[in-house]
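In our numbering, the protein residues as written are 971 to 1199.
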């Protein structure tokens, strides 16, 4: 049934898609937020990548006086520890898993599905990718943090132990402190992942340079996955 899936903005390639990027927006934004970033990745047409930008559900957010907005989970306290409502985050992880399953049903190999997320969306895809039971193509986490470290340590899947991971963070981020991005790198390395860490002289945003470098990484990852398919 179609109502089991989150509503999404979808950008199709000119050729039949053989790869997919599922990209989650940040708090208070929606699926259109990164739609304009696709051409800035400078991917060749031969890459044939479908981009899916889901809309988060609308829910009350405690740190914003309970005001309803699109959010992947509730944030309970806006301190450095980022106290969150874990059940709502895990619910969003399950919704991402449904989108992955739909792409596999459409003929995309799981090894050619990349999960991406900015800010709050990044916290969701950290958990979704590292704990997914099938081998995925890659993980992109932008200006974010690991919100469920204890559960990830327990539930991470060996099939994604070699998952390519691309992290980026603005050094002047005044929303998600730069130190939380660094903390995630340390945690990933502690768990024996090999994250690729990028920093930019920007605030809580993405830059043209960042997207160009990310596009190059996406192309490299998908070419590698194709050669071993």
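Positions of the beta carbon are idealized from the N, C-alpha and C atoms, including for glycine.
Only a predicted model underlies this, so the values are computations on that prediction, with no experimental measurement involved.
- Query: Hey, residue 1057 and residue 1025 are a contact pair by Cβ (cut 8 Å); roughly how many whole angstroms apart?
  - Reply: Taking the first residue of the chain shown as position 1, residue 1057 is located at position 87. Taking the first residue of the chain shown as position 1, residue 1025 is located at position 55. Residue 1057 to residue 1025, Cβ: 20 Å. No contact.
Check: Do residue 1154 and residue 1111 have their CB atoms nearer than 9 Å?
Finding: On the chain shown, residue 1154 is found 184 positions in, with the first residue counted as 1. On the chain shown, residue 1111 is found 141 positions in, with the first residue counted as 1. Cβ distance < 9 Å, so residue 1154 and residue 1111 count as in contact.
_Starting from residue 979, trace the alpha helix (DSSP H) in both directions and tell me its first and last residue._
Taking the chain shown and counting its residues from 1, the one referred to as residue 979 is at position 9. That residue, residue 979, is in no alpha helix (DSSP H); its beta strand (DSSP E) goes 978 to 981.
task: Grab me the residues of residue 1185's own chain with a C-beta within less than 6 Å of its C-beta, minus the 5 sequence neighbours each way, in chain order.
output: Numbered from its first residue, the chain shown carries residue 1185 at position 215. Taken in chain order, the residues that qualify are 1011, 1012, 1013.
| field | Three-state class that DSSP yields for residue 1169 in the structure shown | value | Along the chain shown, one-based indexing puts residue 1169 at 199. Three-state result, residue 1169: strand.
Alpha helix (DSSP H) segment containing residue 1151, residue limits
Taking the first residue of the chain shown as 1, we reach residue 1151 at position 181. Taken as a continuous stretch (DSSP letters only), the alpha helix (DSSP H) holding residue 1151 covers 1148 to 1160.
Checklist entry - Who are residue 1137's beta bridge partners in DSSP? => result Along the chain shown, one-based indexing puts residue 1137 at 167. DSSP output for residue 1137 lists 1111, 1167 as bridge partner(s).
Assigned exposure category for residue 1001 - 16 Cβ within 10 Å defines buried:
Against the chain shown, residue 1001 aligns to sequence position 31. Under this definition residue 1001 is a buried residue.
| said: Using 8 Å as the cut-off, can you tell me whether the stretch 1030 to 1046 makes contact with the stretch 1121 to 1138, which would need three or more C-beta pairs spanning the two stretches below that distance? | reply: no
Q: Would you tell me roughly how many angstroms separate the C-alpha atoms of residue 1132 and residue 1069, rounded to the nearest one?
A: For the purposes of this step, residue 1132 is taken as residue 162 along the chain shown, with counting starting at 1. For the purposes of this step, residue 1069 is taken as residue 99 along the chain shown, with counting starting at 1. So the alpha carbons of these two residues sit roughly 22 Å apart.
> Among the residues of its own chain, which have a CB less than 7 Å from the CB of residue 1171, if the five just before and after it don't count?
Replying inline: The residue labelled residue 1171 in the question sits at position 201 within the chain shown. Result list for residue 1171: 1141, 1142, in chain order.
**Prompt:** How is the beta strand (DSSP E) around residue 1098 delimited, first residue to last?
**Reply:** Locating residue 1098 in the chain shown gives position 128, counting from the first residue. Note, residue 1098: premise wrong, no beta strand (DSSP E); alpha helix (DSSP H) at 1090 to 1100.
6 Å CB neighbourhood of residue 1181 in its chain, flanking five on each side removed: Walking along the chain shown from the start, residue 1181 turns up at place 211. Here the set comprises 1007, 1010, 1011.
Practice prompt. Could you check what DSSP says for residue 1006 in three-state terms: helix, strand or coil?
Written response: Taking the first residue of the chain shown as position 1, residue 1006 is located at position 36. Residue state, collapsed to three classes: helix.
Check: Is residue 991 buried or exposed, if buried means 16 or more other CB atoms sit within 10 Å of its CB?
Finding: Taking the first residue of the chain shown as position 1, residue 991 is located at position 21. Classification of residue 991: buried, given that the 10 Å Cβ count is 16 or more.
To which residues of the same chain is residue 1138 closer than 6 Å at the C-beta, ignoring the five residues directly before and after it?
-> Within the chain shown, residue 1138 is the residue found at index 168, counting from 1. For residue 1138, where only same-chain residues beyond five positions count, the Cβ hits under 6 Å are 1112, 1168, 1180.
(message) Could you check whether residue 1101 and residue 1122 sit closer than 9 Å to each other, using their CB atoms as the reference points?
(response) What you label residue 1122 is simply residue 152 of the chain shown in a count that begins at 1. What you label residue 1101 is simply residue 131 of the chain shown in a count that begins at 1. Contact: yes.
Notebook entry, point to check: Alpha carbon to alpha carbon, how far is residue 924 from residue 1031?
Noted result: Residue 924 lies beyond the residue range present for the chain, which begins at 971 and ends at 1199; the question has no answer from this structure.
Grab the span of the beta strand (DSSP E) containing residue 994 for me, first residue to last.
Within the chain shown, numbered from 1, the residue matching residue 994 stands at position 24. Where residue 994 is concerned, the enclosing beta strand (DSSP E) stretches over 989 to 994.
By DSSP, does residue 1040 sit in helix, in strand, or in coil? One-based indexing of the chain shown puts residue 1040 at position 70. Note: residue 1040 maps to strand in three-state DSSP.
- Query: Which same chain residues, not among the five before or five after residue 974, have their C-beta less than 8 Å away from its C-beta?
  - Reply: If you number the chain shown from 1, residue 974 lands on position 4. Counting only Cβ-Cβ distances below 8 Å, and skipping sequence neighbours, we find 1068.
task: Between the Cα of residue 1173 and those of 1088, 1027, 1065, 1005, spot the shortest distance and give me the residue it belongs to.
output: One-based indexing of the chain shown puts residue 1173 at position 203. Looking at the Cα atoms, 1088 is the closest of the given residues.
Open item on the list: Rounding to the nearest angstrom, what Cα-Cα distance links residue 980 and residue 1021 in this structure?
Closed with: Here residue 980 is taken as the residue at index 10 of the chain shown, counted from 1. Here residue 1021 is taken as the residue at index 51 of the chain shown, counted from 1. Whole-angstrom Cα-Cα distance: 6 Å.
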